[in-house]
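Each residue of the sequence shown is one higher than the one before, starting from 5 at the first, in the numbering used here. We put the CB at the ideal spot given by N, CA and C, even for glycine. Given the structure is predicted, the values throughout are model-derived calculations rather than measurements. Following: one structure in structure tokens, then a few remarks.
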Amino acid sequence: MLKKFWEKYSRKKRWWTIALDFIFAGLLIAMLFPATRKPLSAFLIRQTLFSPSEKENVVYLSDSDWSMQIEMEGADGMMKLADFRGKPVFLNFWATWCPPCIAEMPSIQELYDEYKDEVAFVLVSNESVDVIKSFFQKHDYSFPVYILRGGVPAVFETSTIPSTYLIGPSGRLLISKTGAAKWNSAKMKSMLDNLIN
């Protein structure tokens, strides 16, 4: 019976459509196992990432927006977003369990490696320090992560992660992006170069 099915199936299709069917079936099977589900989801999302676009409407952060409290592991005491005022700020809300967040992390790391001296990278999570450290060691990430220690200002409120914002040195909100993006794109680098120079 299986032989008959295979003959009928393979007669109607070309070799490449059969190969695609097997790849698709393999992906479906891999998604059934929790151990492969998150990395596979992140990989598939990573294949479809686009560069973010600049906001068309002009929004400037208020003093209360800048007062968002964060804490960096190992740092002394609380910080505020305002501590980074005067330079471009790359603000990202994320979690280790979020496949779209995981998908965009390699592009954030590449952007950080290139701009860490000129841009404040503020990646915010509400997970425990141990969970974040383990995730960073596993993936070899080195950008700073901050823990949220208070409310999120209305300008950054969202029910979706990842949520990323690019704030100019003057406090202008240049990018407000919900969902994964390709952050190391030429378009993004050009925007940062213009902010720095």
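- Of the residues Q73, A190, E75 and L85, the one whose Cα lies closest to the Cα of L65 is L85.
- Taking the C-beta atoms as reference points, S129 is found nearer than 8 Å to A99.
- The beta carbons of V135 and D69 sit about 28 Å from each other, so the pair does not count as a contact at 8 Å.
- Fewer than three pairs of CB atoms, one per stretch, sit closer than 8 Å, so the stretch 120-128 makes no contact with the stretch 181-188.
- Excluding five sequence positions before and after E77, the CB atoms of its chain that fall closer than 6 Å to its own CB belong to V133, given in chain order.
- Leaving aside the five residues that flank L95 on each side, the residues in its chain whose CB is nearer than 6 Å to its CB run, in chain order, V126 and Y169.
- Bounds of the beta strand (DSSP E) holding E75 are Q73 to M76.
- Each residue's CA atom was taken as its position, placing M192 and R18 some 41 Å apart.
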